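To keep things clear, I will list the structure first and then write my remarks on it.
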Amino acid sequence: MSTPSIPSSQIAELLDWDETSSQEHFDAMGRLLGSLSAPEEVIALARAWWADPDERVQALGFDLLAVQALDFRWHVPPLIEAADALPLDRAHKHVRAAAAHALAIICDDERVLFPLLRFADDPEAGIRWQVARGIPVGLDPLPEDAVQVLLVLMRDPDAEVRDWATMMLGSRAENDAQEIRDAFVERLNDPGENTAGEAAIALAIRRDPRILPTLKRMLALPDVGNLYVEAAAESGDPDLLPLLQKLKADGWQDDNEPRPQVLDQALQACASRPTSLA
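See the structure below:
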């Protein structure tokens, strides 16, 4: 199939965007996708853009596939092929970012895992974040290569990267080794509140008794975040019941919105388990 002809003026418009106009950019990419009549046309256009000497145009090839990644699977093999072919030490950051983004939003296809992991040590924090948040949800337990990448990203200088890496590894209960648990304990004092809270949940899921002092300290705060209440629900430790009951009596709220279901779940879990983790 021949490559669709896109007017140079339209390409110029597609190239004219930044972080503040990303939604408009991907909306425009979506309209372009909708104007193409068949998957073969989409792939042909993406491949033509990947072969363009202009790195900004190369990035458009990945953006074109990214806008429909949640709806179709036919584009995954050519996307992986193109991403794997990138020389990461020479590819422009715009191309690397577009490739990592296109892979990361395919959240339910295990084939993208190892191509995505290639980007884990990128110098750009936004690209490392794509790796952390793009781990396919259906993989549980994660393979050892992915575990080791997430352990590194849990210590990343960027707070968002640490947050997502901690959450992605923490939610995989079957990935449970001393090295992993110790990494979560290290994150309990993370300056990022979400990262610390995700670490608390991860340890509670694994019934690690080292989480109890943190939960007792945090649940004593009237404005404790919901992640710690969720961690209490995961632990089900009866020693936490008085603190949870006090939060209930005081009308606990999280983020200025009532979250009674989270607190009620924690109360039920801690009231129904007869023994402490300690």
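Residue numbering for the sequence shown follows the numbering used here, starting at 677 and increasing by one per position. Even for Gly, the Cβ is constructed at its ideal location relative to N, Cα and C. Only a predicted model underlies this, so the values are computations on that prediction, with no experimental measurement involved.
Whole-angstrom distance between residue j and residue i, CA atom to CA atom
| i | j | result |
| --- | --- | --- |
| residue 950 | residue 914 | 7 Å |
| residue 732 | residue 739 | 11 Å |
| residue 802 | residue 948 | 43 Å |
| residue 697 | residue 704 | 11 Å |
| residue 887 | residue 880 | 7 Å |
| residue 911 | residue 945 | 8 Å |
| residue 809 | residue 830 | 12 Å |
| residue 932 | residue 902 | With a pLDDT of 46 at residue 932, under the threshold of 50, the modelled position of this residue cannot be trusted; read the value that follows with caution. Near 11 Å, if we compare the C-alpha coordinates of residue 902 and residue 932. |
| residue 687 | residue 720 | 16 Å |
| residue 872 | residue 953 | 20 Å |
| residue 816 | residue 878 | 14 Å |
| residue 690 | residue 893 | 51 Å |
| residue 685 | residue 937 | 52 Å |
| residue 928 | residue 848 | 29 Å |
| residue 736 | residue 729 | 12 Å |
| residue 956 | residue 791 | Outside the shown range of the chain, which is 677 to 954, sits residue 956, and nothing can be said about it. |
| residue 678 | residue 708 | 17 Å |
| residue 717 | residue 680 | 6 Å |
| residue 789 | residue 921 | 43 Å |
| residue 827 | residue 725 | 35 Å |
| residue 860 | residue 714 | 47 Å |
| residue 836 | residue 702 | 22 Å |
| residue 699 | residue 693 | 9 Å |
| residue 899 | residue 868 | 16 Å |
| residue 768 | residue 904 | 41 Å |
| residue 706 | residue 832 | 33 Å |
| residue 918 | residue 884 | 20 Å |
| residue 727 | residue 846 | 40 Å |
| residue 906 | residue 889 | 15 Å |
| residue 762 | residue 842 | 28 Å |
Minimum C-alpha distance to residue i - residue among the options
| i | options | result |
| --- | --- | --- |
| residue 756 | 742, 766, 765, 940 | 742 |
| residue 854 | 871, 874, 823 | 823 |
| residue 765 | 797, 850, 864, 717 | 797 |
| residue 942 | 916, 927, 816 | 916 |
| residue 863 | 789, 857, 875, 856 | 875 |
| residue 772 | 840, 692, 799 | 799 |
| residue 784 | 769, 752, 767 | 752 |
| residue 844 | 813, 852, 870, 868 | 813 |
| residue 682 | 884, 939, 712, 885 | 712 |
| residue 744 | 678, 899, 710, 807 | 710 |
| residue 820 | 694, 926, 856 | 856 |
| residue 758 | 734, 770, 780 | 734 |
| residue 787 | 770, 818, 762, 850 | 818 |
| residue 782 | 811, 763, 762, 794 | 811 |
| residue 840 | 714, 870, 889 | 870 |
| residue 695 | 770, 842, 850 | 770 |
| residue 779 | 793, 767, 768 | 793 |
Whole-number beta carbon distance between residue j and residue i, since they are thought to touch under 8 Å
| i | j | result |
| --- | --- | --- |
| residue 891 | residue 908 | 6 Å |
| residue 805 | residue 760 | Their Cβ separation, rounded to whole angstroms, is 20 Å, which puts residue 805 and residue 760 out of contact at 8 Å. |
| residue 754 | residue 722 | 7 Å |
| residue 923 | residue 895 | 7 Å |
| residue 838 | residue 866 | 6 Å |
| residue 776 | residue 807 | 7 Å |
| residue 926 | residue 882 | Contact flag wrong, Cβ pair sits at about 30 Å. |
Residue i beta carbon near the ligand ATP (any heavy atom closer than 7 Å)
| i | result |
| --- | --- |
| residue 685 | As for the ligand ATP, it is missing from this structure, which has no ligand bound. |
- Those runs of the alpha helix (DSSP H) which lie wholly inside the stretch 839 to 917 and span at least 4 residues: 854 to 863, 869 to 881, 888 to 895, 902 to 911
- Query: Residue ranges of each alpha helix (DSSP H) run of no fewer than 4 residues wholly in the stretch 748 to 782, ordered along the chain?
  - Reply: 752 to 761, 769 to 780
- Query: Which runs of the alpha helix (DSSP H) spanning at least 4 residues fall entirely within the stretch 678 to 756, listed in chain order?
  - Reply: 684 to 691, 698 to 711, 715 to 726, 731 to 742
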